[in-house]
Each structure stands twice: as structure tokens, then as C-alpha cells.
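The opening residue of the sequence shown carries number 6 in this note's numbering; numbering runs sequentially from there.
Heads up: the structure comes next, in C-alpha cells.
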Amino acid sequence: MTQAPLPLGVFAGLGEGLDASLAQIQDLNVPTAQVHAPPTEKLDAQYARQVRDKFEEADIDITLIFCGYPGESYASIQAVRETVGLVPEDTRHERVELTRQIADFARETGAPGIGLHVGFIPEDWDTPEFAEIVGVVKGICEYCRAQELDVNLETGQETAQTLHHFIEEVGRPNLGINFDPANMIIYGSGDPLPALSHVGQHVSSCHCKDATWSDNPGEDFGVETPLGQGDVDIRKFISTLVDIGYRGPLTIEREVSGQRQIDDIRQAITLLKSIRQDLMEG
Ligand code: MG
């Protein structure tokens, strides 16, 4: 399906079971979704083809398969630093392997790429660790390129300058950014709108998510809010996306659960439709 510019989407898991998860997305009536990779035991081609067929039947485009790794903790900024993504050395090797399996899975679903949190990329570009992580991501990009998949790095834990430099150092054409403006506020890594302009040419997907700054940015988490109620300035965020030439999906992420999540996503859909209409008509 060819999408109109800036199609709406949601970031969804399959944890409720494929049919139930899909029914939830259909109920929201959005044409695209980013999908969390299933747990390792379900990362096989047969399940991937079931996912592909069911989403096709529902006329929903899977725009990314998102990687997650066992042992990650988002309990505090320090926990994220120690446990998330490909930066922690102890788990790096097994997570690279798992990323390859997720890429194989993504290819079978027909998704155009994978997304991942690489972890806290060192702000000191001259460290051996920085060079090592550049090498790791190069390897993943090459593996994915052979399968015609893109690799999108989620923003959040690093400054725009570091992310930009990192991407240039990796230097692979299938590497892009999944820009999440709220993460920059939650982790205290910089004002998201100038950051978006700075890395603009590399943005190939995004999360529409909002948050308020903490009193100690970078030490304590900021707080995620319903879209439009935080410090991101969503209207300006979307208009900046349009200004940098982005026409891809607007994927809503809301990290609460149950009915509250559904209600907040519905409200976000209404808000984004109104902003999109104003921008596209204006
Ligand atoms: Mg996100």
C-alpha cells in the first residue's frame, strides 16, 4: 500500500497475541504500525509470515520491527546506562546475534527495517568504546543491507551532535534515525527541536511522544505525558519534520498500559490529524 504523506501509526507489541494486538490497532483505525520484536522463542520465519499475512489482510503497513533485549532495565538513568542496547560490553555479543535474528524476522514480515536503542553512546568521540560501537553498528548495517533492510537508531540517550557524528562515522546508507523528541527531555540530552533540525537529513522514522523536563536533567528522568501536554511542543515538532522534508509515518508511542494508553492514543490521533491538516493546507 502506498501511503499518503505523514500517515499515522502506533508503536505496538504482539504480547496480547497476534489477533488481539492487531484488533487493537484496527480499532484505532491507523494505517501503519511499528512492531516490537517478539520474544526469542517466537523469532522464526513461520511466525513472521503469519504476522505479515495478518497485517496485510488488515491493510496496516509494518514500518519497523523494533529490537528489545533480555536484561534491559529502564528503572533509572544509571540502569539504562548499564543495561540498555549494544553499549554494555557483557551482553554486546549475544545482543548483536539477537539483532541479526530480529533482522531475519523483519525481512520475513516485509517490514522495511529494524529500530533499536543502541544505548548511551559515549559523548567523548575519541574513546576506544566509541570506535567499538561504531564498528558494531557498521556490522549490523551491513548484515541488514544484504537483506535490503534499514536500521533506525532511536534518539534519547545522547546529544544530537554525538548522534550526528556517530552516524557519519558509521557511514552506511541504510542507517537512519527514529527521532523520539520526548526521550531527549526524559534523559536530559538536549532541546529536541534544535536537535531535530541538526540531524534532520538522517531522520527516517519518529515517535510522537511528549514529556516534561525533570529538575535535574540527565540525572533524574523527565516524565512522559500524553501527547500535547509536555514540553516538546508537538505542533512545532511536526512542522519541523515537514520543514526537513520528512513525509514518513507519525508513530504514536505512549508508555502506559491498559485503557489509559488507549484513551491517550486516541487523543493523540485527534491532535496529530488536526496538526497535519493545518500544515498540509497551510
Ligand atoms: Mg521511543
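We put the CB at the ideal spot given by N, CA and C, even for glycine.
Closest Cα partner of residue i within the set the options
| i | options | result |
| --- | --- | --- |
| residue 225 | 173, 201, 83 and 199 | 83 |
| residue 176 | 141, 119 and 190 | 141 |
| residue 55 | 45, 13, 27 and 78 | 27 |
| residue 14 | 21, 57, 129 and 36 | 36 |
| residue 4 | 80, 107 and 277 | The question about residue 4 has no answer here: the residues shown for the chain are numbered 6 through 287. |
| residue 286 | 273, 258 and 247 | 247 |
| residue 191 | 214, 178 and 21 | 214 |
| residue 52 | 23, 98, 31 and 160 | 23 |
| residue 159 | 174, 278, 181 and 149 | 181 |
| residue 120 | 78, 86, 145 and 282 | 145 |
| residue 44 | 132, 110, 65 and 275 | 110 |
| residue 252 | 161, 211, 221 and 261 | 211 |
| residue 63 | 98, 118, 25 and 85 | 25 |
| residue 102 | 195, 193, 148 and 264 | 148 |
| residue 306 | 104, 114, 112 and 163 | Nothing in the structure corresponds to residue 306, since the chain is present only between 6 and 287. |
| residue 30 | 282, 50, 116 and 60 | 60 |
| residue 193 | 184, 221 and 174 | 221 |
| residue 9 | 117, 66 and 239 | 66 |
| residue 239 | 276, 265, 173 and 264 | 276 |
| residue 183 | 195, 136 and 118 | 118 |
| residue 173 | 136, 282 and 274 | 136 |
| residue 151 | 80, 112 and 262 | 112 |
| residue 86 | 161, 281 and 260 | 161 |
| residue 18 | 282, 80, 273 and 259 | 259 |
Proximal residues to residue i (C-beta, below 7 Å), its chain only, five neighbours per side dropped
| i | result |
| --- | --- |
| residue 138 | 91, 92, 123 and 126 |
| residue 1 | Here the chain covers residues 6 to 287 and nothing more, so residue 1 does not appear. |
| residue 4 | Residue numbering for the chain in the displayed model covers 6 to 287; residue 4 lies beyond these limits and cannot be assessed. |
| residue 76 | 88 and 96 |
| residue 143 | 175 and 177 |
Sequence-distant residues of its chain with Cβ nearer than 6 Å to residue i (five each side left out)
| i | result |
| --- | --- |
| residue 39 | 16, 68, 69, 71 and 256 |
| residue 100 | 74 and 91 |
| residue 78 | 84 and 88 |
| residue 218 | 190, 227 and 236 |
Cβ separation of residue i and residue j, assumed to be a contact under 8 Å, to the nearest whole Å
| i | j | result |
| --- | --- | --- |
| residue 216 | residue 227 | 5 Å |
| residue 204 | residue 165 | 5 Å |
| residue 33 | residue 42 | That pair is no contact at about 21 Å. |
| residue 12 | residue 178 | In fact, because the Cβ distance is near 24 Å, the residues do not count as touching under 8 Å. |
| residue 134 | residue 167 | Residue 134 to residue 167, Cβ: 12 Å. No contact. |
| residue 57 | residue 114 | 5 Å |
Close Cβ partners of residue i (< 8 Å) along its chain, the five nearest in sequence each way excluded
| i | result |
| --- | --- |
| residue 169 | 203, 204 and 207 |
| residue 242 | 186, 197, 198, 201 and 213 |
| residue 195 | 164, 165 and 189 |
C-beta neighbour in chain B for residue i, strict 9 Å
| i | result |
| --- | --- |
| residue 166 | Looking at the structure shown, chain B is missing, and only one protein chain is on hand. |
Per the contact definition of three or more C-beta pairs closer than 8 Å, is the segment 149–158 in contact with the segment 186–203? no
Just the residues with CB closer than 6 Å to a heavy atom of the ligand MG, in chain order, which are they? 159, 185, 188, 212, 214 and 258
If we count Cβ pairs, one from each stretch, closer than 8 Å, do we get three or more for the segment 250–270 versus the segment 230–242? yes
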